[in-house]
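The sequence shown begins at 20 in the numbering used here and counts up one residue at a time.
First comes the structure, then the notes that go with it.
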Amino acid sequence: MGGVAGHMSHLYENPELTFKEIKDVFAKASNGELEGTEKTDGQNLFISYSVQTGRAKAARNKGNIKTGGMTAEELAQKFAGRGGLEKAFVESFRTFEKAVQSLDPEMQMAIFGPDANVYYNAEIQDPGSANIINYDTRTLNIHQVGHAEFDKETGTVRDVDISKNVRALDKALEIMQKAIADENFNLQKNAIIKLRALDNDSALNTAVERLENITRREGISDNQTIADYIVAKITPFLKKQVELPDANMKLLLKRLFGVKGVTFNKVVKDLDRDTKEKVREIVKAQKELMKNAIIPIEDVVHDFSVEMLKGLHSAFVLDNPKEVMRLRSELRKAIAAIESSGDEIAIKILHQQMRKLKTIENVSTAVEGFVFDYEGLSYKFTGNFAPMNQILGLFRYGRGGKSLELTEEDEDIDTSFMDDRDVNDYD
């Protein structure tokens, strides 16, 4: 988990998840038993309140936590000159402050602690600072998950049960909403919904069959994990690249998985110079190696997610079919621009994403994704939003910040918020 919001995983990104558990998630989803919330395409902000100073506090990263959080003035300064983005952050946060100040100090304390101890994971959704999806209402949307009490010295999450604080917020929400009824921003908690059950078991059976074919080829059983699969997948390749004693090979695998404390020097201890260099090249290629290993599983999860999200309506879009058509139109423009750009790398990226998307018509929802809990951890289905997001991002911002083509509308979009990757969940 990095920054404040951390990273919310796809199923295939949890190395400890077993294939039996993945199948169980698929079955629950297909049967309409998976409960969660809409994943929204806004700007992430962690919000709290200091009863001691009578001020709301905001955080975008660990540094903000360690300095006690940003006031409304400091948040405005951080995003000064960024047009619609600045306006969205400042106005939503001031609305939140007004809402909390309508509560008595005892209730404020129950929700946030005495001095902005508990922060709530929220999303700003504003038509004036849209990313990919155009929402119709200006909303500060408090998520169901991701809230925490933080250690102000380190900026890390404290192991404290804050369920009472969250329940206190739920009880106070109606009072807060009445206090800001005349404001331009809404304040709400993301509603819990259930994914609709599929009409039949076709998508489920296809996904399970594909998983079994993939794992069978690597000798992996249902009770084994994603990590076991990756090890089985990459070990033959590693052995072709370099001959290592068993102990060093085990350390190399741990290094590729990013196990803390396993340094390069530990991996190559007692090895000769030539072997060390071979290991160094493998470690340099770690990201690509691990990414390629998981692609078969990723494709299964992606295709199943697409089926589950088909036709799912966003609660924040008034005309969902119209927004789907707009997204398809934007995607057509982006694909045409990239294909005619002559940029070989951009075109390669486009083809990689189209392998997932398959056709523009597969953009079938104005929902970014669906967030759910399983066995105490949070996961997401993002379906075709992820490849669409990559393609539109490549079109708007290009590689290295240079766009392939800019319209007047695009020129008003500020992309510097993308530097805050430690708190935003980019796919």
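Backbone N, C-alpha and C fix where the C-beta goes; we use that ideal spot for every residue, glycine too.
These numbers come from a predicted model, not from an experiment.
Less than 8 Å between C-beta atoms, sequence neighbours within five positions excluded: which residues of the same chain meet that for residue i?
{"i": "I15", "result": "Nothing can be reported for residue 15, as the shown portion of the chain is limited to 20 through 446."}
{"i": "T294", "result": "V261, E262, L263, V287"}
{"i": "K306", "result": "none"}
Please return the same chain residues whose Cβ sits closer than 6 Å to the Cβ of residue i, not counting the five positions on each side in sequence.
{"i": "G174", "result": "K81, I84, K85"}
{"i": "E168", "result": "N136, V137, R177, V179, I181"}
{"i": "G402", "result": "S324, V325, L328"}
{"i": "I161", "result": "Y139, A141, K208"}
{"i": "V70", "result": "P124, Q127, M128, P133"}
{"i": "L188", "result": "I130"}
{"i": "L331", "result": "T384, V386"}
{"i": "S148", "result": "G103, L104, A107"}
{"i": "G73", "result": "none"}
{"i": "L217", "result": "S49"}
Check the DSSP bridge columns for residue i and list the partner residues they point to.
{"i": "N140", "result": "F65"}
{"i": "V390", "result": "T56, K399"}
{"i": "S28", "result": "Y398"}
{"i": "I212", "result": "G55"}
{"i": "D134", "result": "S69"}
{"i": "L206", "result": "L159"}
{"i": "T37", "result": "T244"}
Quick check on residue i: buried or exposed, where buried means 16 or more other Cβ atoms within 10 Å of its Cβ?
{"i": "A118", "result": "buried"}
{"i": "F256", "result": "exposed"}
{"i": "K258", "result": "exposed"}
{"i": "I364", "result": "exposed"}
{"i": "S324", "result": "buried"}
{"i": "A304", "result": "exposed"}
{"i": "L36", "result": "buried"}
{"i": "S240", "result": "exposed"}
{"i": "R415", "result": "buried"}
{"i": "D123", "result": "exposed"}
{"i": "E92", "result": "exposed"}
{"i": "T378", "result": "exposed"}
{"i": "D145", "result": "buried"}
{"i": "M407", "result": "buried"}
{"i": "S348", "result": "exposed"}
{"i": "A266", "result": "exposed"}
{"i": "L337", "result": "exposed"}
{"i": "Q409", "result": "buried"}
{"i": "T59", "result": "buried"}
{"i": "R79", "result": "buried"}
Residues in the same chain with beta-carbon distance under 7 Å from residue i, minus the five sequence neighbours each way, listed in chain order, please.
{"i": "D220", "result": "S49"}
{"i": "E54", "result": "I211, K213, F391"}
{"i": "L30", "result": "L36, I41, V44, V320, Y398"}
{"i": "A251", "result": "E237, G238, I239"}
{"i": "L448", "result": "The shown model of the chain, from 20 to 446, leaves out residue 448, and the question about it has no answer."}
{"i": "V185", "result": "H166"}
{"i": "A99", "result": "E105"}
{"i": "T114", "result": "L159, I199, E202, F204, L206"}
{"i": "A222", "result": "S49, F323, E326"}
{"i": "K285", "result": "L270"}
Could you give the C-beta distance for residue i and residue j, rounded to a whole number, given that I count them as a contact under 8 Å?
{"i": "N205", "j": "T156", "result": "6 Å"}
{"i": "A191", "j": "I130", "result": "6 Å"}
{"i": "I233", "j": "P315", "result": "5 Å"}
{"i": "I8", "j": "A334", "result": "The question about residue 8 has no answer here: the residues shown for the chain are numbered 20 through 446."}
{"i": "G88", "j": "K76", "result": "3 Å"}
{"i": "E57", "j": "F389", "result": "7 Å"}
{"i": "V302", "j": "F283", "result": "6 Å"}
{"i": "L396", "j": "N33", "result": "7 Å"}
{"i": "N153", "j": "R345", "result": "7 Å"}
How about residue i: is its C-beta nearer than 8 Å to some C-beta of chain B?
{"i": "K81", "result": "The structure shown contains no chain B; it holds only a single protein chain."}
Please find out if some non-hydrogen atom of the ligand GTP comes closer than 7 Å to the beta-carbon of residue i.
{"i": "Q127", "result": "The model on display carries no ligand, and the ligand GTP is accordingly not part of it."}
What residue ranges within the segment 44 to 123 form continuous beta strand (DSSP E) runs of no fewer than 3 residues, ordered along the chain?
54 to 58, 62 to 69, 74 to 78
Minimum length 4: unbroken alpha helix (DSSP H) runs contained in the segment 155 to 203:
182 to 198
Give, in chain order, every unbroken run of the beta strand (DSSP E) that is at least 3 residues long and sits entirely within the segment 213 to 278.
none
Can you check the segment 285 to 321 for any alpha helix (DSSP H) of at least 4 residues that lies completely inside it and give the ranges in chain order?
292 to 303
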